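> Structure in C-alpha cells, see below.
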Amino acid sequence: GGEAALVRKSFESHWGIWRCSDWSVFTDNPLPPVPSTVIGAFNSKRAPWGSWFNTRVFLRAWSHIASEGKWARQAWTIKADADTVFFPDRVISHVQGLAPADKVFVKVGNMLLGGIEVFAHGAVQEIVQRREAVCIWGIDVTGEDGFINHCLEMLGAHPHVDSMIMRSDSNPWACNDGAYAAFHPMKDVGAMAACEAHAR
Numbered sequence: 001g002g003e004a005a006l007v008r009k010s011f012e013s014h015w016g017i018w019r020c021s022d023w024s025v026f027t028d029n030p031l032p033p034v035p036s037t038v039i040g041a042f043n044s045k046r047a048p049w050g051s052w053f054n055t056r057v058f059l060r061a062w063s064h065i066a067s068e069g070k071w072a073r074q075a076w077t078i079k080a081d082a083d084t085v086f087f088p089d090r091v092i093s094h095v096q097g098l099a100p101a102d103k104v105f106v107k108v109g110n111m112l113l114g115g116i117e118v119f120a121h122g123a124v125q126e127i128v129q130r131r132e133a134v135c136i137w138g139i140d141v142t143g144e145d146g147f148i149n150h151c152l153e154m155l156g157a158h159p160h161v162d163s164m165i166m167r168s169d170s171n172p173w174a175c176n177d178g179a180y181a182a183f184h185p186m187k188d189v190g191a192m193a194a195c196e197a198h199a200r
C-alpha cells in the first residue's frame, strides 16, 4: 500500500531512519528490498477520533526492539511513522542538553504525537525492562501514542516539551523551515520527495 511505497522510497533515497547509525523496520509482510522484521498482522479497530486502536501492534514491535538489543548501543531511540519526514541530525540538536541516561522523552506541547517519538536511553531501558509488568492500562482503548505516553509516566519517565520537534503539516513547502526536526504527514512519495527537496 501507500506506506510500503514510502518506506521503499526512503530506503532507496537514504532518507529518514536510513540516516541513523542503526535502525529497524517492522512490517506486517516482507518489504523487499527493504531489510525489515515481520511482526504479524497490523489489523486494528478504528477509534472514534479517526485513528486506530493500534497499541497491540506496537507492543509486538517493542518486544522485538527488546530482543534485538540495538537500543542498548544508542543514546537515543526514535520511532517514526512511514509518512514522517525527519532529520536525525536535527533531532540530536533538539535534545542537546538532555542526558541520555535519564528517563526522558520528547513531547510536542502537551502531547506525545505518534508521527515521531524520541526516547532517551534511560526511558527505553525502562520500557524494555518493565513495560509488561507496569504498562497494562488502556491497551485496547487508546492509540499507540497515548498508550506509550501513559506507560512512560507510569514508569517514572518525564517529558521534555519541544514544540519544534515536529510540524504537523502535509504541505511539502512547510519543510523549508529548518527549525523543525520532522514533518508529518507526507502521505505519498511525491509529497515526501518534495519535502526532502524543500528541506535542503
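Note that full-length UniProt numbering gives residue 124 to position 124 of the sequence shown, counting from 1, and the numbers run on in steps of one. Glycine included, each C-beta is placed from N, C-alpha and C at the ideal position. Remember, it's a predicted structure, so these values are computed and weren't measured experimentally.
1. Name the two residues that bound the continuous alpha helix (DSSP H) containing A5.
2. Is the segment 78-91 touching the segment 174-186 in the sense that three or more CB pairs, one from each, lie closer than 8 Å?
3. Looking at the structure shown, is residue 209 part of a helix, part of a strand, or coil, going by DSSP?
4. If I follow the unbroken beta strand (DSSP E) through W76, where does it start and stop?
5. How big is the Cα-Cα spacing for V134 and R200?
6. Taking the Cβ atom as the reference point for each residue, do D145 and L112 lie within a distance shorter than 9 Å?
7. Would a C-beta distance cut-off of 9 Å place A101 and A157 closer than the cut-off?
8. Around the C-beta of R73, are 16 or more other C-beta atoms found within 10 angstroms, so that it is buried, or is it exposed?
In short:
1. G2 to S13
2. yes
3. Any question about residue 209 goes unanswered here, given that the chain covers just 1 to 200.
4. W76 to A80
5. 43 Å
6. yes
7. no
8. exposed
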